[in-house]
Structure formats: C-alpha cells, structure tokens
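Worksheet: one structure, shown below.
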Amino acid sequence: MFWYNSVNGFSHSAGKRAPTFGRRGVHMAEEVRVRFAPSPTGYLHVGGARTALFNWLWARHTGGTFILRIEDTDRKRYVPDSLDDIMASLRWLGLEWDEGPDAGGPYGPYFQSQRLEHYHRYAEELIARGAAYRCYCTPERLAQVREERRRRGLPPGYDRHCRYLPEEERARLEAEGTPSVVRLKVPETGQTVVHDLLRGEIAFDNQKLEDVVLLKSDGYPTYHLAVVVDDHLMRISHVMRADEWISSFPLHALIYRALEWEMPVFVHLPMILDPSGKGKLSKRKQRRPDGQVEENMTMVREFREAGYLPEALFNFLATLGWAYSGEQEIFSVEEAVAKFELEDIRTAPAVFSYEKLEWMNGVYIRALAPEELARRLVPFMERAGLRVTADDLLPLIPLVQERLKTLADGPAYLDFFFQDIETPSADVLVPKKMDAPRTLEALRAAREVLAEVEWNEEAIEARLRQLAGELGLKAGQLFQPIRVATTGKRVAPPLFGTLYHLGRERALERIDRALQVLEQAAVQEQ
RNA sequence: GCCCCCAUCGUCUAGAGGACUAGGAUACCACCCUUUCAAGGUGGAGACAGGGGUUCGAAUCCCCUUGGGGGCACCA
Numbered sequence: 006m007f008w009y010n011s012v013n014g015f016s017h018s019a020g021k022r023a024p025t026f027g028r029r030g031v032h033m034a035e036e037v038r039v040r041f042a043p044s045p046t047g048y049l050h051v052g053g054a055r056t057a058l059f060n061w062l063w064a065r066h067t068g069g070t071f072i073l074r075i076e077d078t079d080r081k082r083y084v085p086d087s088l089d090d091i092m093a094s095l096r097w098l099g100l101e102w103d104e105g106p107d108a109g110g111p112y113g114p115y116f117q118s119q120r121l122e123h124y125h126r127y128a129e130e131l132i133a134r135g136a137a138y139r140c141y142c143t144p145e146r147l148a149q150v151r152e153e154r155r156r157r158g159l160p161p162g163y164d165r166h167c168r169y170l171p172e173e174e175r176a177r178l179e180a181e182g183t184p185s186v187v188r189l190k191v192p193e194t195g196q197t198v199v200h201d202l203l204r205g206e207i208a209f210d211n212q213k214l215e216d217v218v219l220l221k222s223d224g225y226p227t228y229h230l231a232v233v234v235d236d237h238l239m240r241i242s243h244v245m246r247a248d249e250w251i252s253s254f255p256l257h258a259l260i261y262r263a264l265e266w267e268m269p270v271f272v273h274l275p276m277i278l279d280p281s282g283k284g285k286l287s288k289r290k291q292r293r294p295d296g297q298v299e300e301n302m303t304m305v306r307e308f309r310e311a312g313y314l315p316e317a318l319f320n321f322l323a324t325l326g327w328a329y330s331g332e333q334e335i336f337s338v339e340e341a342v343a344k345f346e347l348e349d350i351r352t353a354p355a356v357f358s359y360e361k362l363e364w365m366n367g368v369y370i371r372a373l374a375p376e377e378l379a380r381r382l383v384p385f386m387e388r389a390g391l392r393v394t395a396d397d398l399l400p401l402i403p404l405v406q407e408r409l410k411t412l413a414d415g416p417a418y419l420d421f422f423f424q425d426i427e428t429p430s431a432d433v434l435v436p437k438k439m440d441a442p443r444t445l446e447a448l449r450a451a452r453e454v455l456a457e458v459e460w461n462e463e464a465i466e467a468r469l470r471q472l473a474g475e476l477g478l479k480a481g482q483l484f485q486p487i488r489v490a491t492t493g494k495r496v497a498p499p500l501f502g503t504l505y506h507l508g509r510e511r512a513l514e515r516i517d518r519a520l521q522v523l524e525q526a527a528v529q530e531q
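Residues in the first sequence are numbered from 6 upward in steps of one, following the working numbering.
Here it is as structure tokens:
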C-alpha cells in the first residue's frame, strides 16, 4: 500500500540549524498559519501559554495568522468556565487571535465539537482506503487485554482483534448495531520516519505503534484524528506543540499519508519542568522560598492575581526555551516579534524559575510610568481592604516603585498611609544599640522639631539630620524610631517622603502614641 | 517493561571544530552607596555528566554508558 512507504515526503534531513523556509522552498511565499489548540478541561497553564506565545510570535514575525481552536472532544473532562479563562488569559498576555472563537474566520467553526461531520467523513475515507477499521471490542475486553499483556510482560496496548475480523462476523456485528470505534490500521512492519524542524528525522518501528482509536463510540474524534483533519482543513503551515506529542507524531504522519495530505512543518517545544527539575511543572509540586511549603503557581490567572505584569510574564515565557543571543533577555513585545526565529528554539527542557520571573517583574515595574503603576496598583490595594484611587496613589509611587517585586507587594508598603496603624511595641521602637530612655528622649526631640518645621521633604530632612547631630546620635538611631512610630513597620519607604505625605497631624499623633509606649518601657527599665 | 526526546555554572542560557583562560543573566557571597528595605555600582565563587573514537585540534561531530524527561486511554 502506498502509505507503507513511510519515508516519503521528506527530501532531506534538516538538522538542528536548518533554515526555516528552505526545507519547503516551494512554499516560501505561502502564508504562515499557526494555531494554539487548548482543550477546555482546565484553566490556562503557563506551559500552554508558552506554546500559545511561540505560535503567536511566529505568526506576528511572519505576518501570518494566529488561530485559536478549541479541542473540546472530551465531554467527560469538560470544565465549563475554562474556556473563558483561557481566552481571558491569552488576551491578558496580549496574545490576540486572528481566527477562532469571537473572532470567527473562513475556516470555522473553531470548536471541534461543531466539526463532527468532518471527522466522520475522513474516518470513512480512511476505512475506504484500507487505512482504518471498525473495532467492536468493549471497554471491558480492552481492559482485560491490557491486563493480560501486562502479565506477559508486553507493552500495554490493543491486540488488534477486530482488525482481522472475518467479514461475516463484521457484518453480523453491524447488523446488530453493536457500538464501534474506528481504529488506525498501523503497518505491522517497517518504520515510520517523521521530521521535526529542530530534531531532524525521528524513526519509529511500526511494530511498536498502536492501532489507536480515531473515532470514539460516542461519535467524537480523538485528538489524533481531529488534529490532523483540522490542521489540514485550516491550512495550518506550522504545528508548534509540546514535546510530549512526539510519541504520537508517527501516528499523525500515518494519517496524513493515508489521506495523501501534505504535512505542515512540525516543531516540538521543550517541556517546562518543575523547579525541582523532577517532572513537568505542576501544581502538586511544592516550593519553599523561605521555608514555607506551598503549591506551585501554574495557572496564568494565578500569576495575574499574584501581581505579575502581563508584559513580564510574556517576556519570561518567551525566553523559556528561546534565546536570541545569550546577552539580551529583556524584550519588548515588538523586539521579541522581530527577533523570534524557529531555529533559536531549544530542544532541552527548561526549569521554570520563579526567582527569575520575580526579578523580571521588578524590572518591568520599575519601567512603568508612575501613573500607570498607580493605576495597576489600585485593585491590589482594594483587595487588601484599602479604598484608594490611582490619584491617591500617584504621589506615593516614587517612594515604592523600585521596591516592588509584584503589584501584590503594594499594600505592605503603603497600607499605613490609608489606614490607622497599631501602636508599635517598645521592642520594635527601640533600635539596636539603644535603650528605651534614650529612644524616648530622641523621639521627644523629634516630635518637637516636626511640630514646627516647615512641612516639606527638604526641610524635614535638614532639621532631623541637624537634630541627630545635636543629640549625638547616628542618623539611623534617630530615624528608625520615627519610622517605626509613624509607619508601624521596621521596613518602610524612605522616611522624609513618608512623613511629608503622611501629613504633620497624623505623624505627630502616631509619635505621641509611641511616646506613651516608650515612657512605660523607660520606667520599667529603671 | 518497551519506545522516543534531552544533556554547558543551582537555574535560564551564549557557543555552528581553532577567536574558550567557556561569555551573559538570575540566585548566592563580599564591599561601596545609604535613614530601614530596595534599587544601583564594584568584585567573588560557580559548568562543558563519564568513557571511547574522528581530527593537527572537540563544549561543538560519531558511538557507548550514565543521568533526566516524556509517552504507551473510546484524555488532550
């Protein structure tokens, strides 16, 4: 049979550094069409987002088309709100699609559940061409077979029972209306050689391949059939998908060849690994940044809620498995689009580094216009119970901008501006190498200065520095009690700006409360 | 178990046989700056998994070993 010659279709091995277009020279002018095809079985995972991102980057780089296709062929695992999350997360990252749900397009519908007639048609076509067959085995029998094979030390799989069903038996089962699936008729000998842009040729012994189910008994296709049919019908030029699909790649190739369809260029993307380096990134794994045991963040929405900027996540994900030069790693969207090349995608799996993402997020936060930072901080302040507007925040931005790692850090740095503080205890108020009486004396003096100083940052700083000298204290010894008294924190934004924006009245009021605490402590120490 | 993929500092990576005393970033450490914390500056420690080939010459090409990962559903 023609498709037993599995090596056809490839003129030469491209190898690791093959030119992107050269291999399919005839198609150099052909439009690039790529797709991201998630299944609505859960929220968008950062691994999925990275796949989407690479596809999007390639589409934008080439002036091609980015398609969103929903692979909703598993009715059992369907999660109702996952589709909304996937679309919202993609848009949050800036990965707008040209064709797909909402957008529409000439090759729709873009939900596989609405394309069943196509899968049925090509399943029949495959049967007619002798490349597939109906299988009437029950799930129970299949389970039995698997168990049996396991016991005999064989790889789990189907025993091809129905492939060799006598014709009269087949007719009888059909007449009885026995439920059936359609299976791929994999050649029993020879090899299937597939081509990956980055890895070159990969050969599989047909003997090791399985007669996978193409069409389920509920009439829905499996991934294997649906992906091939849709990629062909939607005229996909490049398939970029996760590494884990390499195993079923030969099955897909067999379907393409049986249907005599030309294959797109395949690029398998490296896996994203858990920080432990053990296995795919998943929620189950735990990380402990400071001894704390917690769940990994894996969903795009979680990063958004944790105060990461979309541009930072975008940049980080873009450099996970793709490197432009080894020198540059901060890329604007435009730069990434301009510089993205398929050849520069790595094949080795990459560990997801939360530390590096956090650093990068800080870089992007520092680069934000103050007005913009203020605007983005508002929801995080509100979530912490602080009712503020961007205008309230704006004057305070210079105090915190270079300190924030995430937007969620905002409240911890700024809450005392917007709500009263708990009066700090003496042990927090008294700096190292100081005692309560001396701290009390210093803070009293500071109160007097602050009560009459002209209320601007420069004057406050000048007078307090002068005071420190008069008291024979180091700057920190005077400033720290003031900081703690007015902010309730040991760690807070720069003092003079803080005092200025807090206002004289509130600053003095908080200092007075701290003085009471210190008075008591001073008495007790004597 | 079988099949497939992968292998440079802890991590992300540069490296296309000679430009490698292996570069950058992050994380870490020290110092500087400094009112705390950051940010910034300077410096430091830190890698070609192992073994065979090929070659005048190997991080780079080939083979083996080891290690890691993925897959083996009427899931995607």
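Even for Gly, the Cβ is constructed at its ideal location relative to N, Cα and C.
Remember, it's a predicted structure, so these values are computed and weren't measured experimentally.
Cβ-Cβ distance between residue i and residue j below 7 Å
i      : j      : result
Gly493 : Phe421 : yes
Leu455 : Leu412 : no
Phe254 : Val199 : yes
Pro275 : Arg392 : no
Tyr48  : Asp89  : no
Tyr127 : Cys167 : no
Leu73  : Gly105 : yes
Leu220 : Val187 : yes
Tyr112 : Met304 : no
Leu520 : Pro486 : no
Leu318 : Phe308 : yes
Tyr228 : Lys190 : no
Leu131 : Ala263 : yes
Tyr124 : Leu203 : no
Straight-line gap, residue i to residue j (C-alpha atoms, nearest Å)
i      : j      : result
Val234 : Ser44  : 16 Å
Val445 : Ala527 : Residue identity differs from the one stated: residue 445 is Leu in this sequence, not Val. So the alpha carbons of these two residues sit roughly 8 Å apart.
Arg518 : Glu510 : 13 Å
Ile402 : Leu500 : 14 Å
Met439 : Asp397 : 36 Å
Asp77  : Glu407 : 44 Å
Met302 : Lys288 : 6 Å
Glu153 : Leu178 : 25 Å
Arg306 : Leu98  : 10 Å
Pro436 : Ile465 : 21 Å
Tyr169 : Gln117 : 31 Å
Glu174 : Val232 : 32 Å
Met33  : Glu310 : With a pLDDT of 49 at Met33, under the threshold of 50, the modelled position of that residue is not reliable, and the figure given next carries that caveat. Each residue's alpha carbon lies about 42 Å from the other.
Asn320 : Gly282 : 22 Å
Close beta carbons around residue i, own chain, < 7 Å, minus the five adjacent residues each side
i      : result
Asn60  : Val39, Arg40, Phe41, Phe71, Met245
Leu314 : Asn366, Tyr369, Ile370
Arg495 : Val433, Val489
Ala379 : Ala395, Leu398, Leu399, Ile402
Ala431 : Ala441, Val522, Leu523, Ala526
Neighbourhood of residue i by C-beta distance below 8 Å, restricted to the same chain and skipping five residues each side
i      : result
Leu535 : The shown model of the chain, from 6 to 531, leaves out residue 535, and the question about it has no answer.
Thr197 : Ser11, Ala208, Phe209, Asn211, Leu214, Pro255, Ala258, Leu259
Thr46  : Asp79, Arg82, Tyr83, Val84, Ser87
Ile516 : Leu448, Ala451, Arg452, Leu455, Ile487, Ala490, Thr491
Lys361 : Phe321
For residue i, the nearest candidate out of the options (CA to CA)
i      : options                        : result
Pro416 : Lys410, Ile402, Pro436, Phe385 : Phe385
Cys410 : Leu347, His50, Tyr359          : First, the residue type needs correcting, since residue 410 is Lys and not Cys in the sequence shown. When each option's Cα is compared against that of Lys410, the closest is Tyr359.
Arg388 : Glu348, Ala93, Ala323, Gly312  : Gly312
Asp201 : Ala374, Arg309, His243, Phe321 : His243
Asp107 : Ile241, Ala93, Arg120, Ala497  : Ala93
Glu457 : Pro486, Ala473, Leu513         : Leu513
Tyr225 : Leu203, Asp164, Ser185, Leu448 : Ser185
Glu267 : Gly284, His237, Leu507, Ser281 : His237
Gln149 : Tyr138, Gly162, Arg262         : Gly162
His273 : Glu265, Asp248, Arg262, Lys283 : Asp248
Asn461 : Ala473, Glu346, Arg96, Leu504  : Leu504
Gly69  : Leu507, Ile241, Ala353         : Ile241
Tyr64  : His50, Gly53, Leu100, Arg96    : Just to set this straight, residue 64 is Ala in the shown sequence, not Tyr. The option with the nearest alpha carbon to Ala64 is Leu100.
Glu36  : Leu264, Val270, Glu122         : Val270
Contacts around residue i, its chain only, beta-carbon distance under 6 Å, and the 5 residues preceding and following it disregarded
i      : result
Val405 : Tyr418, Pro498
Lys344 : Tyr329
Phe484 : Leu500
Glu463 : none
Could you tell me which whole alpha helix (DSSP H) segments of length 4 or greater appear in the segment 278-346? If we require 4 residues or more, the alpha helix (DSSP H) runs fully inside the segment 278-346 come out as 305-310, 315-323, 338-344.
Quick one: complete alpha helix (DSSP H) runs, 4+ long, within the segment 394-470? DSSP runs (the alpha helix (DSSP H)) wholly in the segment 394-470: 395-398, 402-405, 415-423, 431-434, 441-457.
What residue ranges within the segment 48-108 form continuous beta strand (DSSP E) runs of no fewer than 3 residues, ordered along the chain? List check, beta strand (DSSP E) in window: 70-73.
Suppose only complete runs of 4+ residues qualify. What are the alpha helix (DSSP H) ranges in the segment 158-229, listed by chain order? With a minimum length of 4 residues, the continuous alpha helix (DSSP H) runs that stay inside the segment 158-229 are 172-180.
In chain order, each alpha helix (DSSP H) run of at least 4 residues that lies wholly inside the segment 247-272: If one requires a minimum length of 4 residues, the alpha helix (DSSP H) runs lying completely within the segment 247-272 are 254-263, in chain order.
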